[in-house]
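These protein sequences, in sequence, are chains A and B. If you're matching positions, the first sequence starts at 79 in our numbering and goes up one per residue. If you're matching positions, the second sequence starts at 1085 in our numbering and goes up one per residue. Working notes for the structure below.
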Amino acid sequence: MDEQPNVSPEEQAQYDEFVGNAYALIYGDSHESIVERLSIDEEPIQALAQTVTQVVRRVVESARQAGQELSSDVVFQGGVEVLEDLAATMGKLGIYDFSDEELEQATYVAMDLYRDVEIEAGELDQQAHQEDWQTLQQANETGEFDAVMQDLQAQSGGKEPGALSAAAAQPEQAAHRGAGGLLR
Amino acid sequence: MSKIIKGIGKVFKKVVKVVKKVAPIVLAAAAVYFTAGAALGVAGAAGGWGAAAGSLTSSLGLTGTLGSVVTGAITYAGYGAVAGGVVSGISGGSVLKGMQGGAITGAITGGIMGGLSGAGAAANAGSQAGTGAGSAAGAGTGATSVAGAAAEGAVNGAVNAAGATGVGATAAQTAVQAAHLAPEVLAAKTAGKYMLIGNAVQGLGSGLSASGAAKEQRALQEQRYTNYDTGGVGLMNAGDAVQGAETPLNGNVANTGQLQSAGERFARGKQAGRFVQDENGRIVYVPPGQQEPLPQGSV
């Protein structure tokens, strides 16, 4: 069952606007190029991640040129919806049928690419991210992070991210695990 | 895109119904992963993120579930699979392919990289591995940073299902199918209060066309041939194909629905069919030897 939206109408409106424009880009004049791009790459995960990154970036730039600064939540979650839609499109077109694990991989690769773009554009607010990271570390130490992740795991139908499975397979990482980890 | 961590747990109503879903917990892991890399502030394009990934344990203090999420995501994103990439590169194969294949062996590589200390040391000592990893990210970054071309034409042009043909017959068919995939998507596009800027769209097209403008131009030309599908004298025939290709798509032109390659189209052109206007003002194709317009819908 789908989760119930819990954002403000203003946030939802910005999300709708962002994703709507991304779809206009994908299914509009550039559609042929996008389908071609998704088709020619030997690595569908890379193709999907790169395409999503480009689309999201273009819409963000477009909004900025129009004097509108988008919320990071909107860009992030809207970008993921675009990724989901494009993955489904690739499946329907017979280009590639992504497994859940591959979709997760594509999400991380897209995160990498988008971060690179922000760094190259000089837009990455590293200090803000460092503050976020400190917050995460504190939450990790107090067990709050575990609780949040456990809650999200329940929302995900008990699904554990493939990333955690991958981490569990790393002896080096296993040695660094704290005793309080709930997601095993 | 800072402060996305604060947004973990936010749920937006999706614009379209999606079949493939990224689970909420994966969404959170992705936000954590993005934040970790951004806090470190190194770009994958320079091989930095991939090379420095192994040093995260010491530089960012990765422990517990948080550490598992980040290092697991690194492995899942391919950075833990550097060994595969290097082997592939040596053997002359696709580095990217090697990276993906190598993801299976990410556990081993991750362990090795985890032993490196300090981002700088990792970047230097692990240069070979870092280059392999960086090339994967770099490939994408290079593509994403393609400058937008000059903006011309309709930016928010209608999504024309009939006109949304692709490159050649096969790609054209897939493109048409894609255009029919999600009607709600087409409606959603009109909801935006800010409109897409021209060079954003044009730049996207340029960026996505890895093989350059010539290929894109040829594809566009072929697409237009296919759409017109005149097959003979009238609005366009084989002799004025290039000139006809520059003619804007006309929604009133009846399309046979049969997408063809340019070769097939020219073969039909020799039979000298023609376009005429029917009683409803629609332009329809009259096959060779037939005098009257065919009934509507039969073309």
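We treat Cβ as the ideally placed atom computed from N, Cα and C, and that holds for glycine.
Contacts around residue i, its chain only, beta-carbon distance under 8 Å, and the 5 residues preceding and following it disregarded
i	result
I1088(B)	A1115, F1118, T1119
S140(A)	N99
E89(A)	S149, D151, V152
Q132(A)	none
E180(A)	P122, I123
L1111(B)	I1092
A1113(B)	V1153, G1156, A1157
Any non-hydrogen atom of the ligand MG closer than 8 Å to residue i Cβ
i	result
R193(A)	This structure lacks the ligand MG; in fact it carries no ligand of any kind.
Residue i burial status per 10 Å Cβ neighbour count (16 or more: buried)
i	result
S86(A)	exposed
S177(A)	exposed
K1090(B)	exposed
D224(A)	buried
D210(A)	buried
A188(A)	buried
T220(A)	exposed
E110(A)	buried
N218(A)	buried
D194(A)	buried
A1157(B)	buried
D175(A)	exposed
A199(A)	exposed
N84(A)	exposed
K1098(B)	buried
Neighbourhood of residue i by C-beta, 6 Å cutoff - its chain only, sequence neighbours within 5 removed
i	result
K1104(B)	none
Y93(A)	V152, G156
Nearest residue (CA-CA) to residue i, options the options
i	options	result
A102(A)	Y93(A), V137(A), E88(A)	V137(A)
G1093(B)	Q155(A), V130(A), E198(A), V133(A)	Q155(A)
A127(A)	A1161(B), G1148(B), L1111(B)	A1161(B)
E95(A)	A144(A), D175(A), Q183(A)	A144(A)
V130(A)	Q82(A), N218(A), A199(A), V97(A)	V97(A)
Q231(A)	F1096(B), V1095(B), K1097(B), A1107(B)	A1107(B)
R115(A)	I173(A), E201(A), A217(A), G236(A)	I173(A)
G169(A)	V1095(B), V1102(B), K1097(B), K1098(B)	V1102(B)
G1151(B)	Q216(A), G235(A), S234(A), Q233(A)	Q216(A)
E196(A)	D175(A), V134(A), I118(A)	V134(A)
E121(A)	A165(A), E201(A), E198(A), S108(A)	A165(A)
L214(A)	A1157(B), I1158(B), T1149(B)	T1149(B)
Q205(A)	T1159(B), G1121(B), A1113(B), K1098(B)	G1121(B)
G236(A)	A1123(B), I1109(B), V1126(B), L1124(B)	I1109(B)
T167(A)	P83(A), D203(A), I104(A)	I104(A)
V1126(B)	L171(A), A91(A), H207(A)	H207(A)
R142(A)	E201(A), L171(A), D163(A)	E201(A)
V113(A)	E147(A), E81(A), L171(A), S243(A)	L171(A)
M1085(B)	S234(A), Q212(A), S243(A), Y192(A)	Y192(A)
Own chain partners of residue i with C-beta closer than 7 Å, once the 5 adjacent residues on each side are dropped
i	result
T185(A)	V158, L161
P239(A)	E182
G1335(B)	In this prediction, G1335(B) scores a pLDDT of 29, lower than 50, which makes its location untrustworthy; no coordinate-derived value is stated.
Chain C contact for residue i (CB, 9 Å cutoff)
i	result
E89(A)	Absent here is chain C; the protein component of the structure consists of chains A and B.
What are the residues in the stretch 196-209 of chain A lying within 7 Å of chain B by C-beta distance?
E196, I197, E198, L202, D203, Q204, A206, H207, Q208
Could you name each continuous alpha helix (DSSP H) segment of 4 residues or more that falls completely within the stretch 91-175 of chain A, going from the start of the chain to the end?
109-118, 122-143, 150-170
For the stretch 1094-1120 of chain B, list the beta strand (DSSP E) runs that are entirely contained and at least 3 residues long, ordered along the chain.
none
At a Cβ cut of 7 Å, what residues of the stretch 177-189 of chain A count as close to chain B, listed as they run along the chain?
L181, E182, Q183, T185, Y186, V187, M189
Residues of the stretch 98-109 of chain A with a CB closer than 7 Å to any CB of chain B: list them in chain order, please.
G98, N99, Y101, A102, L103, Y105, G106, D107, S108, H109
Contacting positions in the stretch 145-156 of chain A - beta carbon closer than 7 Å to chain B
Q146, S150, D151, V153, F154, Q155
Length-filtered (4 minimum) alpha helix (DSSP H) runs lying within the stretch 203-238 of chain A
204-220, 222-233
For the stretch 112-140 of chain A, list every residue whose C-beta sits within 8 Å of some C-beta in chain B, in sequence order.
I112, V113, E114, R115, S117, I118, E120, E121, I123, Q124, A127, Q128, T129, T131, Q132, V133, R135, R136, V137, E139, S140
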